[in-house]
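Q: Here it is, the structure, as structure tokens.
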Amino acid sequence: ITSPVLVSIYAVVGGGLVSSVVGLYYARLRGRATYTSLLRAVACAWVVAYVVYGTVSQPVLLLVAPALLGAANGIMLPLATVLIDEAAGPELRAKAAALSGTAIFAGQFVSPLLLGPVIAATSTTVGFLAAAGIGVAILAVLLAVRVPEQQARRQPAGRGDGARKASRDGSA
Numbered sequence: 184i185t186s187p188v189l190v191s192i193y194a195v196v197g198g199g200l201v202s203s204v205v206g207l208y209y210a211r212l213r214g215r216a217t218y219t220s221l222l223r224a225v226a227c228a229w230v231v232a233y234v235v236y237g238t239v240s241q242p243v244l245l246l247v248a249p250a251l252l253g254a255a256n257g258i259m260l261p262l263a264t265v266l267i268d269e270a271a272g273p274e275l276r277a278k279a280a281a282l283s284g285t286a287i288f289a290g291q292f293v294s295p296l297l298l299g300p301v302i303a304a305t306s307t308t309v310g311f312l313a314a315a316g317i318g319v320a321i322l323a324v325l326l327a328v329r330v331p332e333q334q335a336r337r338q339p340a341g342r343g344d345g346a347r348k349a350s351r352d353g354s355a
């Protein structure tokens, strides 16, 4: 595929659509899977997608890569938000969300600066396989650790069980 329009349609639009659809089903996925298993599935999807990008030249088969990346993003973005929210707690939630967004944008800025010279010195295949290697490293860490599951649902500040019961009774 050499047309920039076709590349953008299949890579960006296709991946975005898959990400949106998977994101809509995140709650169902989370109901059936642990944080750890979801993170491992995301890392596996990253690895397979970048290996496909780096090794496949058949245009129809290349559609698998953005679909996998879209599925991974559709799981990872809500999952990361929940994990950051749980880890930060109410008092640091806003700061943690802001830092998370900053980290995402910083990664989007820095990744071409890191992989660009690798690709310029070698090939796009090497660049995609390097990205797959990063995914393998992340997967290795995720296979070695277990992410704790949420212990109890946190209540918004000032809204304990008594406040909820009182508002249901109409006594508050």
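In this note's numbering, the protein residues as written are 184 to 355. From the three backbone atoms N, C-alpha and C, an ideal C-beta is built for every residue, glycine too. These numbers come from a predicted model, not from an experiment.
Buried or exposed: Tyr208, going by 16 or more other Cβ atoms within 10 Å of its Cβ?
A: Sequence index remark: in the sequence shown, residue 208 carries index 25 (1-based). With fewer than 16 Cβ atoms within 10 Å of its Cβ, Tyr208 is classed as exposed.
Q: With Arg329 as the anchor, note down where its alpha helix (DSSP H) starts and where it stops.
A: Taking the first residue of the sequence shown as position 1, residue 329 is located at position 146. Premise fails: Arg329 is in no alpha helix (DSSP H) and is neither H nor E.
Q: Quick check on the DSSP output: the alpha helix (DSSP H) that includes Ser203 runs from which residue to which?
A: Locating residue 203 in the sequence shown gives position 20, counting from the first residue. It spans Gly197 to Leu207 - the alpha helix (DSSP H) in which Ser203 sits, taken as one unbroken run.
Q: Check whether chain C comes within 8 angstroms of Ala271, counting only Cβ atoms and requiring the distance to be less than that.
A: Annotation note: the requested chain C is absent from the structure, which comprises a single protein chain.
Q: Take Phe311 and list the residues in its own chain whose beta-carbon comes closer than 6 angstroms to its own, dropping the five residues that flank it on each side.
A: Within the sequence shown, the letter at position 128 stands for residue 311. Once the five neighbours on either side are set aside, the close Cβ partners of Phe311 are Tyr233, Tyr236 and Gly237.
Q: With a cut-off of 8 angstroms on the beta carbons, I'd call Val179 and Ile302 a contact; round off their distance for me.
A: There is no way to answer for residue 179, as the model of the chain reaches only from 184 to 355.
Q: According to DSSP, simplified to helix, strand and coil, what is Ser283?
A: On the sequence shown, position 100 is the one that residue 283 refers to. Ser283: helix per DSSP, three-state reduction.
Q: What do you reckon, are the CB atoms on Leu325 and Arg215 nearer than 8 angstroms?
A: Numbered from 1 along the sequence shown, position 142 holds the residue referred to as residue 325. Numbered from 1 along the sequence shown, position 32 holds the residue referred to as residue 215. Not in contact: Leu325 and Arg215 (Cβ atoms no closer than 8 angstroms).
Q: Going by DSSP, what residue range makes up the alpha helix (DSSP H) through Thr219?
A: Here the question's residue 219 lines up with position 36 in the sequence shown. Tyr218 to Thr238 is the extent of the alpha helix (DSSP H) around Thr219.
Q: Look up Tyr193 in the DSSP assignment and say whether it is helix, strand or coil.
A: Along the sequence shown, read from residue 1 onward, the residue named residue 193 stands at position 10. Tyr193 falls in the helix class under three-state DSSP.
Q: Please name the residue, chosen from Gly198, Ala194 and Thr185, that lies closest to Ile258 on a Cα-to-Cα basis.
A: Here residue 258 refers to the residue found at position 75 of the sequence shown. Per the Cα distances, Gly198.
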